[in-house]
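Visitor: To start, I am sharing the structure in question, which I have written as structure tokens.
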Amino acid sequence: MDRRQFLKASAAAGAMLSLPCAARAQAGQTLRFVPYSDVAIIDPIWTTGYSTRTHALLVWDTLYGLDERLQPQPQMVEGHVVEDAGRRWTLTLRPGLVFHDGSKVLARDAVASIKRWGARDTFGQALMTATDELTATDDRTIVFRLNRPFPNLPAALARPSALVAAVMPEHLAQTDPFKQIPEAIGSGPFRYVKEERVPGARHVYARHAGYVPRASGTPSFTAGPRIAYLDRVEFTVMPDPATAVSALQAGEVDWVEQPLIDMLPILRKDPNIVVEVKDPTGMAGQVRLNHLQAPFNNPAIRRVVLKALDQTACMDAVCGGDPEVRRSTMGFFPSGSPMANDAGTEALKAPKDYAALKRELADAGYKGERIVFLSGQDVPRISQVAEVAADMLRKLGANVDFVAADWGTVLQRITKRDPVEAGGWSCYVTYWSGLDLGSPATNSPLRGNGAKASPGWPTSPEIEALRAQWLEAPDLVAQRAIAAKIQIQAMQDVPYVPAGQYFQPVAYRKGITGMLSGVPVFTNLRKS
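774 is the number of the first residue of the sequence shown in my numbering; add one for each residue after it.
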């Protein structure tokens, strides 16, 4: 062992001894988790797929965390100072932060990570537009020099969903934002064990002994002390949801992220299993359209599809008609979110006269172009809505090429901007957490910024201008008024087609305790 290896090993051992006794007492425990789909992409800013988000929250830490009230709290930062009428923010890193390769987390690592994330994430793009200069003035100090006040800076850096503002080593963060990082060197409580990865089947995460949790506060979502009581977390990919439920009942796995709604009554009767909604913001479905290719590069055609999709039918396919679980007639902001409104939703509520809509589609300019509809068949909530939406398109007389694949393959394919003849695509079904869609700042699929937008790449200068107004709105009343205008404009431009909202319960063994509200995180969990 050379001197550098010795120092790294010594640091890791010292960090292990400094952990709370409870954390060390739990060593050797393995939690077996069934994600809703495979982790096909390990780069935290490369895809909006939520399995990658869950992976990112295990492997990396963020400068700020979000508590269960959805308020940002310092996480990797010790604190911050705001000066110059809100135009200068100075952030100070906590001491003792280390990456999984044993190197120290420095301010320049955070700066490079923020810049890379800010090139892709919708909230990050807004922050970087407001930033004239972002620098590391020493090893622990990060300085934002802004061209205008940006009071949501901590909220942007705390974003725990979609594209996580993960802090990684500078050499990785200097990777082109539109190319994937070659490896996952993290800063969070668990390290990714790439040697044990079985693509499409298994991913393993081991507790990082060098991770230093915050010394104070209460664990709450991604905020507070992020203590890893588990030694290992194993993701077991099970494309068949019935197999996942059977494995949970048999004690072969500990936690199923998205059990089939139809099987919840069976699980609720099992005395060894807990079924509950942990994410109160729900999941919102949508049909994402490719604005670069015909026929959906035609806004008139997109508007016909918006009118034709029956949200109730979509959510009934997912939830079996359970009104306690689903919501329908949702606009571009999820039900229950502060920005939710009814402006311009008449088209969504109108009766579905498919004969008339078929004529309307032809009048809009549809000429029989092949529509390549991608469907992630291993994710029931996706495949169920995809079947409804594809049937709707056929009723309109569309030439639908329904391509069934696993969700990981879909995520790879939707990054292609090629014509359908060259392996491109026309539309696909996806879901976003209500946490992501709740405001114009975080609603990535609502963006109209063209090549920088989420796959589908809609262009709408009007939506972008209204979003800029929203970001500078002085209060909630002004924000809500602008959100209504955004929704009216979105009904015209149709960046995507809302498919309804539902609230997905999780199911886990009763021996699991300490599960926090929000999307899946694995700190604070104990297994008995």
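For every residue, glycine included, the Cβ atom is placed at its ideal position computed from N, Cα and C. Remember, predicted model here, so these are calculated numbers, not experimental data.
At 4 residues or longer, and completely inside the stretch 833-863: list those alpha helix (DSSP H) runs for me, N to C.
Guide: Taking only runs of at least 4 residues, no alpha helix (DSSP H) segment lies wholly in the stretch 833-863.
Visitor: Excluding the five sequence neighbours on either side, which residues of its own chain have a C-beta within less than 7 Å of the C-beta of Val1326, listed in chain order?
Guide: With the chain represented from 774 up to 1301, any question about residue 1326 goes unanswered, as that position is not in the structure.
Visitor: Name the DSSP beta bridge partners of Gln1274, please?
Guide: Locating residue 1274 in the sequence shown gives position 501, counting from the first residue. Answer is Ala1057 and Arg1100, bridged to Gln1274.
Visitor: In the DSSP assignment, what residue or residues form a beta bridge with Phe872?
Guide: Indexing the sequence shown from 1 puts residue 872 at position 99. Answer by DSSP bridge pairing: none, since Phe872 is not bridged.
Visitor: What are the boundary residues of the alpha helix (DSSP H) that Tyr1127 is part of?
Guide: Against the sequence shown, residue 1127 aligns to sequence position 354. Note, Tyr1127: alpha helix (DSSP H), Tyr1127 to Asp1136.
Visitor: Using the Cα positions of Arg1132 and Leu1208, report the straight-line distance between them to the nearest angstrom.
Guide: The residue given as residue 1132 occupies position 359 in the sequence shown. The residue given as residue 1208 occupies position 435 in the sequence shown. Spanning the two alpha carbons is a distance of roughly 38 Å.
Visitor: Can you have a look at Gln947 and say buried or exposed, based on whether 16 or more other CB atoms are within 10 angstroms of its CB?
Guide: Walking along the sequence shown from the start, residue 947 turns up at place 174. When all chains shown are included, Gln947 counts as exposed.
Visitor: Where does Ala798 land, buried or exposed, given buried means 16+ other C-beta within 10 angstroms?
Guide: Taking the sequence shown and counting its residues from 1, one reaches residue 798 at position 25. Residue confidence for Ala798 is low, a pLDDT of 37 falling below 50, so the modelled location carries little weight; the figure read from the coordinates is stated next. With fewer than 16 other Cβ atoms within 10 Å, it is exposed.
Visitor: Let me know the secondary structure DSSP gives Ser824 once reduced to three states.
Guide: As a working note, residue 824 is residue 51 in the sequence shown. Correct three-state label for Ser824: helix.
Visitor: Report the residue from Pro1213, Leu919, Phe1008 and Val1267 whose alpha carbon sits nearest the alpha carbon of Ala1081.
Guide: Stepping through the sequence shown from its first residue, residue 1081 is reached at position 308. For the residues Pro1213, Leu919, Phe1008 and Val1267, the minimum Cα distance to Ala1081 belongs to Val1267.
Visitor: Does DSSP classify Thr895 as helix, strand or coil?
Guide: Stepping through the sequence shown from its first residue, residue 895 is reached at position 122. It is helical.
Visitor: Put Glu1049 into one of helix, strand or coil per three-state DSSP.
Guide: In the sequence shown, counting from the first residue as 1, residue 1049 sits at position 276. It is a strand residue.
Visitor: Which residue comes first and which comes last in the beta strand (DSSP E) that contains Thr1203?
Guide: Sequence index remark: in the sequence shown, residue 1203 carries index 430 (1-based). Cys1200 to Ser1206 is the span of the beta strand (DSSP E), which, as asked, contains Thr1203.
Visitor: How is Glu906 classed by DSSP in three states: helix, strand or coil?
Guide: As a working mapping, residue 906 is identified with position 133 in the sequence shown. Of the three classes helix, strand and coil, the one that applies to Glu906 here is strand, per DSSP.
Visitor: Would Leu1069 pass as a contact of Arg1075 if the rule is Cβ separation under 8 Å?
Guide: As a first step, residue 1069 is located in the sequence shown; it is residue number 296 there, counting from the start. As a first step, residue 1075 is located in the sequence shown; it is residue number 302 there, counting from the start. Inspection of the sequence shows that residue 1069 is occupied by Phe rather than by Leu. Closer than 8 Å, so yes.
Visitor: Apart from the five residues just before and just after Gly1024, which ones in its own chain have a Cβ nearer than 7 Å to its Cβ?
Guide: Within the sequence shown, numbered from 1, the residue matching residue 1024 stands at position 251. The residues are Arg1282.
Visitor: Evaluate the contact criterion for the stretch 973-987 versus the stretch 906-926: three or more CB pairs, one atom per stretch, below 8 Å.
Guide: The stretch 973-987 vs the stretch 906-926: no contact.
Visitor: Indicate whether Trp862 and Ser960 have their beta-carbon atoms separated by less than 8 Å.
Guide: Taking the first residue of the sequence shown as position 1, residue 862 is located at position 89. Taking the first residue of the sequence shown as position 1, residue 960 is located at position 187. Going by C-beta atoms, Trp862 is not nearer than 8 Å to Ser960.
Visitor: So, under 8 Å CB-CB, Ala957 and Ile815 are touching, yes? Tell me the CB distance rounded to an integer number of Å.
Guide: The count along the sequence shown starts at 1 and reaches residue 957 at position 184. The count along the sequence shown starts at 1 and reaches residue 815 at position 42. The pair is a contact, with the Cβ atoms about 5 Å apart (cut-off 8 Å).
Visitor: Please name the residue, chosen from Thr1286, Gln1277 and Asn1297, that lies closest to Tyr809 on a Cα-to-Cα basis.
Guide: Taking the sequence shown and counting its residues from 1, one reaches residue 809 at position 36. Answer by Cα proximity: Gln1277.
Visitor: With Glu1007 as the anchor, note down where its beta strand (DSSP E) starts and where it stops.
Guide: As a working note, residue 1007 is residue 234 in the sequence shown. Per DSSP, Glu1007 belongs to the beta strand (DSSP E) from Arg1005 to Thr1009.
Visitor: Compare the Cα-Cα distances from Thr827 to each of Arg1299, Phe1295 and Ser1301 and report the closest residue.
Guide: Here residue 827 refers to the residue found at position 54 of the sequence shown. For the residues Arg1299, Phe1295 and Ser1301, the minimum Cα distance to Thr827 belongs to Phe1295.
Visitor: Between which two residues does the alpha helix (DSSP H) containing Val1091 stretch?
Guide: Counting from one through the sequence shown, the residue named residue 1091 turns up at place 318. Gln1084 to Cys1092 is the extent of the alpha helix (DSSP H) around Val1091.
Visitor: Using only alpha-carbon positions, find the residue among Val1098, Asp1136, Val884 and Ala931 that is nearest to Gln844.
Guide: As a working mapping, residue 844 is identified with position 71 in the sequence shown. Measuring from the Cα of Gln844, the nearest candidate turns out to be Ala931.
Visitor: Here's a check: name, in chain order, each residue in its chain whose Cβ is nearer than 6 Å to the Cβ of Ser1101, leaving out the five neighbours to either side.
Guide: In the sequence shown, counting from the first residue as 1, residue 1101 sits at position 328. Within the same chain, Ser1101 has close Cβ partners Gln1084, Thr1085, Met1088 and Gly1273.
Visitor: Give me the Cα-Cα distance between Pro868 and Glu851, rounded to the nearest whole angstrom.
Guide: In the sequence shown, the residue the question calls residue 868 occupies position 95. In the sequence shown, the residue the question calls residue 851 occupies position 78. The straight-line gap from Cα to Cα measures roughly 8 Å.
Visitor: Could you tell me which whole alpha helix (DSSP H) segments of length 4 or greater appear in the stretch 1138-1189?
Guide: Within the stretch 1138-1189, the complete alpha helix (DSSP H) runs of at least 4 residues are 1153-1168 and 1180-1186.
Visitor: State buried or exposed for Thr991, treating a residue as buried only when at least 16 other CB atoms are found within 10 Å of its CB.
Guide: Here the question's residue 991 lines up with position 218 in the sequence shown. Thr991 is exposed by the Cβ-count criterion.
Visitor: Which term fits Leu926, buried or exposed, when burial requires 16 or more other beta carbons within 10 angstroms of its beta carbon?
Guide: The count along the sequence shown starts at 1 and reaches residue 926 at position 153. Classification of Leu926: buried, given that the 10 Å Cβ count is 16 or more.
Visitor: Under a three-way DSSP split, which group does Leu1289 fall into?
Guide: In the sequence shown, residue 1289 corresponds to position 516, counting from 1. In this structure, Leu1289 counts as coil in the three-state DSSP scheme.
Visitor: How about Arg999 and Ala979: are their beta carbons less than 8 Å apart?
Guide: On the sequence shown, position 226 is the one that residue 999 refers to. On the sequence shown, position 206 is the one that residue 979 refers to. No. Outside cutoff.
Visitor: Buried or exposed: where does Val854 fall if 16 or more other Cβ atoms within 10 Å of its Cβ makes it buried?
Guide: In the sequence shown, counting from the first residue as 1, residue 854 sits at position 81. Val854 comes out exposed.
Visitor: Less than 8 Å between the beta carbons of Leu1244 and Ala1214, yes or no?
Guide: Residue 1244 sits at position 471 when you count from the first residue of the sequence shown. Residue 1214 sits at position 441 when you count from the first residue of the sequence shown. Yes; because the gap between Cβ atoms is below 8 Å, this pair is in contact.
Visitor: Which residues does DSSP list as the beta-bridge partners of Asn1071?
Guide: In the sequence shown, counting from the first residue as 1, residue 1071 sits at position 298. According to DSSP, which records beta bridges pairwise, Asn1071 is partnered with nothing at all.
Visitor: Going by the CB atoms, is the gap between Pro1293 and Asp1151 shorter than 8 Å?
Guide: Translated into positions along the sequence shown, residue 1151 becomes position 378. Translated into positions along the sequence shown, residue 1293 becomes position 520. Result no, Cβ atoms of Asp1151 and Pro1293 do not sit closer than 8 Å.
Visitor: Using C-beta distances below 8 Å, list every residue in its chain close to Thr1054, excluding the 5 sequence neighbours before and after it, in chain order.
Guide: Stepping through the sequence shown from its first residue, residue 1054 is reached at position 281. Same-chain partners within the cutoff: Pro1107, Gly1109, Ser1110, Ser1206, Gly1207, Leu1208 and Gly1211.
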